[in-house]
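Trainee: What follows is a structure written as structure tokens; I'll ask about it next.
Residue numbers (our numbering), protein chains in the order written: chain H, 443 to 1056; chain Z, 4 to 296.
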């Protein structure tokens, strides 16, 4: 416990340095902006100095509250749609903006042409130019900048295209009486409105994705290296002929090179996992629902993989569904079809949605009652429920599973699982979450995996997290958790805080600083700094440097390990249908049980995958 | 396998580029949807329509299937994988019905309810493949340090069917029982089972390697946590370990210095003649010579 202030002080000092750096950068940016204006720069030779009303502030949507899982932070807040500029005004405004494109309230009539570079201002400051991509009469789109609604621009002084001269009046071919008669005839005629009947080729044809990848885990000295080559394939919603049926499939093929016999997996180096291969029917207007094959059942909580059938009935508004399921459950380690465990039962689901004025915006409930049978255990009944409700800014829900072994001598029900989640999101700039779950006792006397010890007692896990965005440049996040395991009586408590400067480097990204402390059977501290940035429009880069120390709660506890770690990940679309994910991590022990390692030691992980989707 | 994987990789790249070349250059959420779109237009644009259906608010003149709708004002900006999904994948009941804005509200649970409704603790919008790494594991009851941070997840979490991650116990032997037992077969190891060693493995071992070990009780008699003896195996010095109880008593008489250190009394006596209390006895070296050097 005495070590806690040390890392906090380090983190605080680091935060102060970063804050100072951010302020310094901010000052530089302002100075650069003034200098820029003095030069009359607006990008691409533009000389117009634009004074426009201040734009609505864009803030940062935070990452998931878990401190250690960085996410994109560039999602803009939802501003009110700015009013269109007055029709006669030479100034136009950005009406909407996405990550890649802005929608303008001026068009060709005001002189905008495709390919033109348009100088943009935010408040009194020129921020660059965007390129006109398409124009309508009074609307246009442009790309090239991350614009915000309310950003302003000036239309070319030359004005828009000139109005055509009025066509010369021509003599009437028909007299007015004839024209009136024909108009009346047309007005009286019954004209069927035309429905759009899209070509079959325009219907949703599903998604096919393939993602080959490679990863290696290495440690020195001592070898113990792993290598993995894999390919993951996914097929979603592919129509089967001209029927209402579609096909979902997913698989992974993995080849391992391992230093020793695997503890839990099947011992074969090459494995094939078929996650899903089902033909299903679910249509827009409800009716009979059916899925057959290797299923991932819908609206049946707690069921994951099933070789069998799910048959149900959905009402027309799709707000209620009920039905039956049944089939065989494959093995846990290899997903091999087997007759050892079979299952069957009933399920039902409800969905209620309110209108915009309702306090309760949405609610859903799901229930499943069934039984499964396994050799050595006999028949086991189980019931599982789930409910979730959205009330204003609050989302809460929970559920659980109860099982009872009917054929056991001292049969009694046990709670296998229970969970509760609460999320409060008063605005996009703040949020608070509370998550609790209980993992109960398994009725299986033998664990489903080789060499795994059966769960003989329960465990409780609770986590709370929150964040506040003070501005687009400064945010604070914190989390805390408590865990207790009944089998050993061991507990673990952890907490941490993170100070974020998401725009320290402007649109490119920023730095985050954080520290965590753990107490319990395994005690430790971590301090880290990470860069989270975006290069191009859709590529995210996270680079992280951390140091941590860990010791065990033993009578002779010493620092078991002090380590330095560095990681880098690149994640993003490198082409329209191509997604790259690469990551690497290096760790090196500084002190092992309080002393310097007798030889240089360390290890790391490197992996890359490339997903192509059609 | 690697050759096949390479071929598939190349094929994927080629397909991706071809699809891009053949498709629209748009990279914004232009989505395709089925015929007969809902007549209810959501968001601010509906209010602009003043009761009338304003198709052009979302649809483009090139065809109904091309939709341009700024989703940001709805409070659920489309990011990551959500950019490419069709509208009715989420709006299954039309646009006038509320849609859940949490992951669990739309997506099925692969984890047999183990993590409840809290998907975003591990997953993000880009992909279901999680970024949950060793750093994130510190927010569990088993922080990953040392070697544990450098092995594949499957080494410990092998349930592929239910994708549950709970382990039976946060005890070392819950996973390392086999390692404990195989000490009886390793040449230089001590039979942990026969000597009734404690299952609190962390008392001696660190999380980076099984060997070398640190035994603080041993350091009180003879330092091995550092120095030249740090990398020695027990049986390099000890002749037997039948008396290993760590009861605070030193001098078990089961070790032998001169087995490694050359020692001839005639020569040693000469070297130590000025040392008071010196005696040429095997087990007395450590009385003067620090084992840490």
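Quick reminder that beta carbons are idealized off the backbone N, C-alpha and C, glycines included.
#1: Let's test the definition: count the other Cβ atoms within 10 Å of the Cβ of residue 943 of chain H and tell me whether it reaches 16, buried, or not, exposed.
#2: What residues in the region 739 to 750 of chain H bring their beta carbon closer than 7 Å to a beta carbon of chain Z?
#3: Would you kindly report the start and end of the unbroken beta strand (DSSP E) that includes residue 964 of chain H?
#4: Would you verify that the beta carbon of residue 117 of chain Z is, or is not, closer than 8 Å to some beta carbon of chain H?
#5: Would you check if there are 3 or more beta carbon pairs closer than 8 Å linking the region 119 to 135 of chain Z to the region 657 to 673 of chain H?
#6: Does any CB atom of chain Z fall closer than 8 Å to the CB of residue 1040 of chain H?
#7: Spell out whether any CB of chain H is found under 8 Å from the CB atom of residue 200 of chain Z.
#8: I'd like to know whether the C-beta of residue 932 of chain H is nearer than 8 Å to at least one C-beta of chain Z.
#9: Can you name, in chain order, every residue of its own chain whose Cβ lies under 6 Å from the Cβ of residue 236 of chain Z, other than the five neighbours on each side?
#10: Please classify residue 263 of chain Z as buried or exposed, where buried requires at least 16 neighbouring CB atoms within 10 angstroms.
#11: In terms of alpha-carbon separation, which member of H:738, H:539 and H:880 lies closest to residue 771 of chain H?
#12: Who are the Cβ neighbours of residue 178 of chain Z in its own chain at under 8 Å, not counting the five residues just before and after it?
#13: When DSSP labels each residue in this structure, what does residue 98 of chain Z get in the three-state scheme?
#14: Rounding to the nearest angstrom, what Cα-Cα distance links residue 1034 of chain H and residue 1004 of chain H in this structure?
#15: Residues in its own chain within less than 7 Å of residue 1012 of chain H by CB, not counting five upstream and five downstream?
#16: Counting only Cβ pairs nearer than 7 Å, list the residues of chain Z close to residue 1070 of chain H.
#17: Within this structure, are the beta carbons of residue 966 of chain H and residue 992 of chain H separated by less than 8 Å?
#18: Residue 385 of chain H versus chain Z: which residues are under 8 Å apart at the beta carbon?
#19: Against chain Z, which members of the region 1017 to 1037 of chain H pass a CB distance test of less than 9 Å?
#20: With a threshold of 8 Å on Cβ separation, who are the neighbours of residue 720 of chain H within its own chain once the five nearest residues in sequence on each side are excluded?
#21: Do you know how far the Cα of residue 218 of chain Z is from the Cα of residue 174 of chain Z?
#22: Counting only Cβ pairs nearer than 8 Å, list the residues of chain H close to residue 166 of chain Z.
#23: Going by other Cβ atoms of all chains shown within 10 Å of its Cβ, with 16 needed for buried, is residue 276 of chain Z buried or exposed?
#24: Report yes if the C-beta distance between residue 918 of chain H and residue 941 of chain H is below 8 Å; otherwise report no.
#25: With distances taken Cα to Cα, identify the nearest neighbour of residue 968 of chain H among Z:260, Z:107 and Z:147.
#26: Between residue 403 of chain H and chain Z, is the shortest Cβ-Cβ distance under 8 Å, so that the two count as touching?
#27: Along the region 563 to 586 of chain H, where does the CB come closer than 8 Å to a CB of chain Z? Name the residues.
#28: Is the beta carbon of residue 1045 of chain H closer than 8 Å to that of residue 661 of chain H?
#29: Excluding the 5 residues preceding and the 5 following residue 802 of chain H in the sequence, name in chain order all residues of the same chain whose CB lies nearer than 8 Å to its CB.
#30: Taking residue 1016 of chain H as the reference, give the member of H:1051, H:1031 and H:1038 with the closest Cα.
#31: Use the C-beta contact count for residue 566 of chain H: other C-beta atoms within 10 angstroms, 16 or more gives buried, fewer gives exposed.
#32: Does the Cβ-Cβ distance between residue 822 of chain H and residue 848 of chain H come in under 8 Å?
#33: Check for me: the alpha helix (DSSP H) holding residue 627 of chain H runs from which residue to which?
#34: Does residue 272 of chain Z come out as helix, strand or coil in the three-state DSSP assignment?
#35: Assess, as a yes-or-no matter, whether the region 809 to 816 of chain H is touched by the region 765 to 783 of chain H under the definition of 3 or more beta carbon pairs within less than 8 Å.
#36: Buried or exposed for residue 196 of chain Z, going by 16 or more other Cβ atoms inside 10 Å?
Mentor: Looking at the coordinates:
#1: buried
#2: 740, 743, 744, 746 and 747
#3: Going by DSSP, residue 964 of chain H is part of the beta strand (DSSP E) stretching over 964 to 977.
#4: yes
#5: no
#6: yes
#7: No, residue 200 of chain Z does not count as interfacial toward chain H.
#8: yes
#9: Beyond the five residues adjoining it in sequence on each side, residue 236 of chain Z comes within less than 6 Å, by CB distance, of 191 in the same chain, given in chain order.
#10: exposed
#11: H:738
#12: 159 and 170
#13: coil
#14: 7 Å
#15: 981, 983, 1022 and 1024
#16: Residue 1070 of chain H cannot be examined here, being either before or after the span of chain H that is shown, 443 to 1056.
#17: yes
#18: There is simply no residue 385 of chain H to check, as chain H begins at 443 and stops at 1056 in what is shown.
#19: 1017, 1018, 1019, 1020, 1021, 1023, 1025, 1027, 1029, 1031, 1034, 1035, 1036 and 1037
#20: 689, 690, 691, 733, 734, 735, 736, 737 and 738
#21: Residue 174 of chain Z and residue 218 of chain Z: Cα-Cα distance of roughly 19 Å.
#22: By Cβ distance, chain H contributes 746.
#23: exposed
#24: yes
#25: Z:147
#26: Here chain H has residues from 443 to 1056 only, and residue 403 of chain H is not among them.
#27: Residues: none.
#28: Their beta carbons are under 8 Å apart, which means residue 661 of chain H touches residue 1045 of chain H by this criterion.
#29: 794, 796, 831, 832 and 833
#30: H:1051
#31: It is exposed - the Cβ of residue 566 of chain H has fewer than 16 other Cβ atoms within 10 Å.
#32: yes
#33: 618 to 630
#34: DSSP places residue 272 of chain Z within a helical segment (H, G or I) once states are collapsed to three.
#35: yes
#36: exposed
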